[in-house]
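The block underneath contains the structure these notes are about, expressed in structure tokens.
Residue numbers (this note's numbering), protein chains in the order written: chain G, 1 to 115; chain L, 116 to 228.
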């Protein structure tokens with residue numbers, strides 16, 4: 001069965017530290033899509049990245065980077081030189097290759113960045 | 116501006132009093148869905164719709180109804196709310212081909228007392 005596991009419930013760091021948020025997924029499909037969303041204290045969900053299962057290239061966007069490894073079924077998210085504004089709950093999600101756009105979410109990781 | 120609009124943002128109601136949370140998108144998306152977010156459980160899909168007049172159950176549909184009479188609107192209906200439906204609700208829309216991300220509304224925080 002499909003599943004997304006974010007084992008880290010809460011992480012606290014001091015500003016400028018690097019931090020990695022882990023995401024492990026389970027799926028039987030060979031074609032699937034992985035996502036990261038950010039939920040700041042204001043509550044909305046902000047899209048960060050989408051990755052399909054055939055693209056294992058790592059991606060960097062500013063201070064954000066993502067490491068996709070099919071061999072370990074992981075899609076980890078690293079924030080370099082964290083800032084207070086990065087404080088949020090981060091969700092990893094999986095979408096399988098069916099006829100729906102259903103997202104299967106992990107339970108989220110709350111990141112607190114202290115000044 | 117592309118957006119998904121939910122109303123209301125906050126709602127406190129009593130057990131058994133029917134309520135509707137509205138959702139509207141302006142992107143001509145075919146796929147719309149409702150999720151609820153609960154502590155320690157992440158977001159779980161309640162219902163989804165792949166097009167007008169086409170709806171189906173998600174993972175936690177009990178106690179909810181939806182309709183899709185127009186492409187842009189996808190209201191969530193609680194006929195007889197109960198305290199276990201106290202949650203944060205999100206409406207989402209997407210193109211329906213998994214090639215793009217889902218756009219989420221601002222969320223509706225519902226409390227049933």
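Every residue gets a Cβ at the ideal spot worked out from N, C-alpha and C, and that includes glycine.
Asked: Over what stretch of residues does the beta strand (DSSP E) that includes residue 146(L) continue unbroken?; Found: 146 to 153
Asked: Taking the alpha carbon of residue 140(L) as the point to measure from, which residue in 209(L), 222(L), 226(L) and 223(L) has its own alpha carbon closest?; Found: 209(L)
Asked: What would DSSP say about residue 167(L), mapped onto helix, strand or coil?; Found: coil
Asked: Three-state secondary structure (DSSP) at residue 85(G)?; Found: helix
Asked: Answer yes or no: does any C-beta atom of chain L fall closer than 9 Å to that of residue 63(G)?; Found: no
Asked: Name the chain G residues that come within less than 8 Å of residue 221(L), Cβ to Cβ?; Found: 43 and 44
Asked: Count Cβ pairs between the region 124 to 131 of chain L and the region 51 to 59 of chain G that sit closer than 8 Å; are there 3 or more?; Found: no
Asked: To which residues of the same chain is residue 7(G) closer than 7 Å at the C-beta, ignoring the five residues directly before and after it?; Found: 22
Asked: With DSSP as the reference, identify every bridge partner of residue 50(G), one or two as the case may be.; Found: 35(G)
Asked: State whether the region 141 to 157 of chain L contacts the region 192 to 207 of chain L, with contact taken as three or more CB pairs (one from each stretch) at a distance under 8 Å.; Found: yes
Asked: I want to know whether the region 13 to 28 of chain G touches the region 84 to 100 of chain G - three or more CB-CB distances under 8 Å.; Found: yes
Asked: Quick one: grab the DSSP three-state call for residue 130(L).; Found: coil
Asked: Work out the CA separation of residue 225(L) and residue 215(L) for me, nearest whole Å.; Found: 29 Å
Asked: At 8 Å on the CB atoms, spell out the chain G contacts of residue 117(L), in chain order.; Found: Going along chain G, no residue has its Cβ under 8 Å from residue 117(L), so there is no contact; the nearest lies around 12 Å.
Asked: DSSP three-state call for residue 209(L): helix, strand or coil?; Found: strand
Asked: Which of helix, strand or coil does DSSP assign to residue 109(G)?; Found: strand
Asked: Check whether the Cβ atoms of residue 17(G) and residue 1(G) lie closer than 9 Å to each other.; Found: no
Asked: Is residue 29(G) buried or exposed, if buried means 16 or more other CB atoms sit within 10 Å of its CB?; Found: exposed
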